[in-house]
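Peer 1:
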Amino acid sequence: QSIFPDTFGWTNAYFAGMPLPNFYPPLFFWLVSLLHHTGLVSFAAAFKLVVAVPLILIPLAFWLVTYVHSGKNHATAVGAAIASATIYSLGEVIQPNNGLDMSSTLLDGFYTQPLGFVLMLLWILVYLLPRQRLWTFGCAAVLLSLTVLANFFNAITANIFIAAVLVWDISKWARAANLEERKQQQSNFLLHLLSPLLALALCAFWIAPMLSSYEYLVTRPLVRPLISLMTTPLWSWYFLAVIGALIWWRHRSGRLGPYLTTCLVLFLALLFAGSFAPAWFPLQVFRFFSTFNFLLCVPVGISLAHVAELFLEKRKRWASPSQNTAAAPSFGKQVAV
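Adding 1020 to a residue's 1-based position in the sequence shown gives its number in our numbering.
Below is the structure:
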């Protein structure tokens, strides 16, 4: 009675630990409250900061992840940052409003997705490091728990990423050339397996009572065919992503294999999950659409870096004949003298 019929917006009825009638993890609201209670900023300013700062940090986070895990390829990292800045600034010109871009966040109210997405990228940055240590183990667990507490859709994506990394670790473990490498791959696998469990324990204080108190699902099934979400710029986006993935597969530099595998699995999930999910289950596959499109910034960045490299090589070849022509007369004069 205290929640319905007030089914939209803020109410004084606390559901799932938040003053909202739907499922929202609490980290975003905690940060707003923390900033406000410091007395440094007003409530409105705190809310706008927590909305805006993650949006600003998305290109930087993509640059860091791509630079570290592409073998410190600066051009690819810049390409991924440019790609992310493009898709999030143009927004609905490229993709329908389903989260993460500026129009979805600032106009449609998908406030928590950018925060969770930046935390997920930072978690990927640490989780994919080639030699896992105790500090990376702990840091990855904290970042993953914050991702879970920030946004539901990024938490589900992180689970797909964990599965891809574990399969990749097993593959590298089986193909290890010597005993030292085999021990390192075994250690990586164990730490990659245990780190998400620690993250789950860190956020169990919220997840356990929330799940145990649920008597019904807090949203409803909503099916939208993915083809209805496609736009002409998105077809170009996917083309660049496929080309970038093929370029990486040809050279296989860095440690982007699990990342690209996650993109492939997420694409297959988007394609088939809507068909296989029970009719009563509120999967809402289209809500993962923007997450998938943004994750493609890395392979798109590889394509952009490759195009830029081809252009610079072409420009050098264009400049070479003119330089040779200009140098010939002076060389002749020197010989004549």
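Ideal Cβ placement from N, Cα and C applies to all residues, glycine included. Predicted, not measured: the structure shown is a model, and the values here were computed from it.
(1) Excluding sequence positions up to five away, which residues of its chain have a Cβ less than 7 Å from the Cβ of P1150?
(2) Rounded C-beta distance between G1099 and I1322? I'm assuming under 8 Å.
(3) For T1251, which option in N1313, L1142 and R1195 has the closest C-alpha, if you only look at C-alpha atoms?
(4) So what's A1197 in DSSP terms, helix, strand or just coil?
(5) Kindly indicate the opening and closing residues of the alpha helix (DSSP H) around Q1115.
(6) Rounded to the nearest angstrom, how far is the Cβ of L1286 from that of L1315, given a contact under 8 Å?
(7) For L1218, which residues of its own chain have a beta-carbon under 7 Å away from its beta-carbon, when the five flanking residues on both sides are left out?
(8) Is F1048 closer than 8 Å to T1132 when the C-beta atoms are compared?
(9) To the nearest angstrom, how far is the alpha carbon of I1102 from that of P1079?
(10) Using the rule of at least 16 other Cβ atoms within 10 Å of the residue's Cβ for burial, across every protein chain shown, is R1195 buried or exposed?
(11) Whole angstroms is fine: what's the gap from Q1152's alpha carbon to P1253's?
(12) Relative to the alpha-carbon of S1310, which residue among V1185, V1113, A1265 and I1182 has its alpha-carbon at the smallest distance?
(13) What residue range is occupied by the uninterrupted alpha helix (DSSP H) comprising T1125?
(14) If you draw a straight line from the alpha carbon of R1307 to that of I1182, how long is it in whole angstroms?
(15) How big is the Cα-Cα spacing for A1224 and N1171?
(16) Here's the rule I'm using: 16 or more other beta-carbon atoms within 10 Å means buried, otherwise exposed. How should P1229 be labelled?
(17) What does the alpha-carbon distance come out to for the pair T1199 and W1269?
(18) Please state whether DSSP places S1273 in a helix, a strand or coil.
(19) Can you grab the Cα-Cα spacing for the pair V1320 / D1121, in whole Å?
Peer 2: The answer reads as follows:
(1) Here P1150 has R1275 as same chain residues with Cβ atoms under 7 Å from its own Cβ, once five neighbours each way along the sequence are excluded.
(2) 7 Å
(3) Restricting attention to N1313, L1142 and R1195, the CA atom closest to the CA of T1251 is found in N1313.
(4) coil
(5) Premise fails: Q1115 is in no alpha helix (DSSP H) and is neither H nor E.
(6) Confirmed, Cβ separation roughly 7 Å.
(7) A1161
(8) The answer is yes: Cβ separation under 8 Å.
(9) In a straight line, the C-alpha of I1102 is about 7 Å away from that of P1079.
(10) exposed
(11) P1253 has its alpha-carbon roughly 39 Å from the corresponding atom of Q1152.
(12) V1113
(13) M1122 to L1126
(14) 20 Å
(15) About 15 Å.
(16) Classification of P1229: exposed, given that the 10 Å Cβ count is below 16.
(17) In the sequence under discussion, the amino acid at residue 1199 is Leu, which differs from the Thr named in the question. Taking the straight line from one Cα to the other gives about 27 Å.
(18) S1273 falls in the coil class under three-state DSSP.
(19) 17 Å
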